[in-house]
DNA sequence: TTTATTAATGCAACACTGTTGCAATAAGAC
DNA sequence: GTCTTATTGCAACAGTGTTGCATTAATAAA
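Residue numbers (our numbering), protein chains in the order written: chain U, 194 to 343; chain X, 194 to 343.
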């Protein structure tokens, strides 16, 4: 099954309408799966495509809804606009948590996701102390190899 | 040596003036060492004390300066105003990084700092790949024990 | 296919956090 | 006490995001 079809399926099963704006947002996210996009960037890409005109507010509302439906992830970096990215196909609409672990270069601003994760150990300790429903956000910043060597 | 004296010493050694507003900000932070305060809260506490009147903008500027001078730490939580806290006496003005590891309850909003940290392992891997000047921010959210059991 | 219903949208206005420019004030050097 | 200028207060602005409400369009029903 294609991702776009799964997204439409999720909308339908939640009694939400398949609107042009929702399709446009989904398409932009699909075309930029390797990136983290801000609401503003998504809005501009829709505008540029000229396929359909819409309002920035609608983009905000749709992104908020998509996060609720677990279609996308919202990633926050200190003092910046939230960045969004599509979840993997098999996790679309599910409660499976995506790990949010990013390195961000303080110079060239590149954002590199990384997969190794030791946080579960900390979460295990918290769970053993009575904490529940744990989720986390980890952000490592510094200089990437390119910026370190120049 | 007292913390307040060390703060004034840092200001002097950086050729910055000891002003009433800077003293007020330092005093509020000292009186609330166990908490993380927002700029707005610090401003209100100064206003309430009536010891001295000042502007919100000055508080912003002073906090920014104090962060630069490594007198305080700036802690960011998703979509919220930055929260500030004094550093430990022996770390005031030094480059020693404070670990920022917080648990935040999604229900009662309590923020609990925790000390155990596995992040250095991730940072070690990044350093071995050529990354430098690493710093991090980790935020774990969920329900605290009290909220979990009620 | 047309009509009716109402979810979704566009627009304007607002809210929150934080920043900037500049004239007035006050810290502290002399 | 006077002078210099760092610091402040004020007003205005900027970025991100939200809310209320009248209009539009997606979809169910006729």
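From the three backbone atoms N, C-alpha and C, an ideal C-beta is built for every residue, glycine too. This one's a predicted model, so the numbers in the text were calculated from it and none came from an experiment.
Between the CA atoms of residue j and residue i - distance to the nearest angstrom
i: residue 324 of chain U; j: residue 303 of chain X; result: 12 Å
i: residue 306 of chain U; j: residue 321 of chain U; result: 29 Å
i: residue 296 of chain X; j: residue 234 of chain X; result: 21 Å
i: residue 223 of chain X; j: residue 279 of chain X; result: 7 Å
i: residue 202 of chain U; j: residue 253 of chain U; result: 21 Å
i: residue 274 of chain X; j: residue 232 of chain X; result: 8 Å
i: residue 248 of chain U; j: residue 317 of chain X; result: 45 Å
i: residue 218 of chain U; j: residue 236 of chain U; result: 8 Å
i: residue 244 of chain U; j: residue 331 of chain U; result: 37 Å
i: residue 250 of chain X; j: residue 284 of chain U; result: 45 Å
i: residue 308 of chain U; j: residue 301 of chain U; result: 21 Å
i: residue 246 of chain X; j: residue 288 of chain X; result: 32 Å
i: residue 241 of chain X; j: residue 221 of chain X; result: 11 Å
i: residue 227 of chain U; j: residue 206 of chain X; result: 47 Å
i: residue 319 of chain U; j: residue 342 of chain U; result: 39 Å
i: residue 225 of chain X; j: residue 261 of chain U; result: 36 Å
i: residue 195 of chain U; j: residue 208 of chain U; result: 20 Å
i: residue 270 of chain U; j: residue 216 of chain X; result: 31 Å
i: residue 266 of chain X; j: residue 204 of chain U; result: 43 Å
i: residue 340 of chain X; j: residue 313 of chain X; result: 30 Å
Heavy atom of the ligand SAH within 8 Å of residue i beta-carbon
i: residue 201 of chain X; result: Ligands are entirely absent from the displayed structure, and the ligand SAH is therefore not among its contents.
Delimiting residues of the alpha helix (DSSP H) encompassing residue i
i: residue 340 of chain U; result: 338-341
i: residue 317 of chain X; result: 312-321
i: residue 195 of chain X; result: Counting along the chain, residue 195 of chain X falls outside any alpha helix (DSSP H), and DSSP gives it neither H nor E.
CB of residue i within 9 Å of CB of residue j, strictly
i: residue 329 of chain U; j: residue 333 of chain X; result: yes
i: residue 315 of chain X; j: residue 337 of chain U; result: no
i: residue 276 of chain X; j: residue 229 of chain X; result: yes
i: residue 345 of chain X; j: residue 286 of chain X; result: No information on residue 345 of chain X is available, as it lies outside the stretch 194 to 343 that chain X covers here.
i: residue 293 of chain U; j: residue 326 of chain U; result: no
i: residue 282 of chain X; j: residue 210 of chain X; result: no
i: residue 239 of chain X; j: residue 214 of chain X; result: yes
i: residue 298 of chain U; j: residue 272 of chain U; result: no
Start and end residues, beta strand (DSSP E) containing residue i
i: residue 285 of chain U; result: No beta strand (DSSP E) holds residue 285 of chain U; DSSP gives it neither H nor E.
i: residue 304 of chain X; result: 304-306
i: residue 297 of chain X; result: 294-298
Go through the region 212-291 of chain U residue by residue and report every complete run of the beta strand (DSSP E) that reaches 3 residues or more, in order. DSSP runs (the beta strand (DSSP E)) wholly in the region 212-291 of chain U: 265-268 and 276-279.
Using a Cβ-Cβ cut-off of less than 8 Å, list which residues of the region 301-314 of chain X approach chain U; keep chain order. Residues 307, 309, 310, 311, 312 and 314.
Just by C-beta distance, which residues in the region 316-332 of chain X are closer than 8 Å to chain U? Cβ contacts with chain U: 316, 318, 319, 322, 323, 324, 325, 326, 327, 328, 329, 330, 331 and 332.
Relative to chain U, which residues along the region 233-260 of chain X have a C-beta separation below 9 Å, given in chain order? Answer in chain order: no residues at all.
Check each residue of the region 269-302 of chain X: if its Cβ is closer than 8 Å to any Cβ of chain U, include it; give the result in chain order. Answer set for the region 269-302 of chain X: 269, 271, 272, 275, 294, 296 and 299.
In chain order, what residues of the region 201-234 of chain X put their CB closer than 9 Å to some CB of chain U? Using a CB distance below 9 Å, no part of the region 201-234 of chain X faces chain U.
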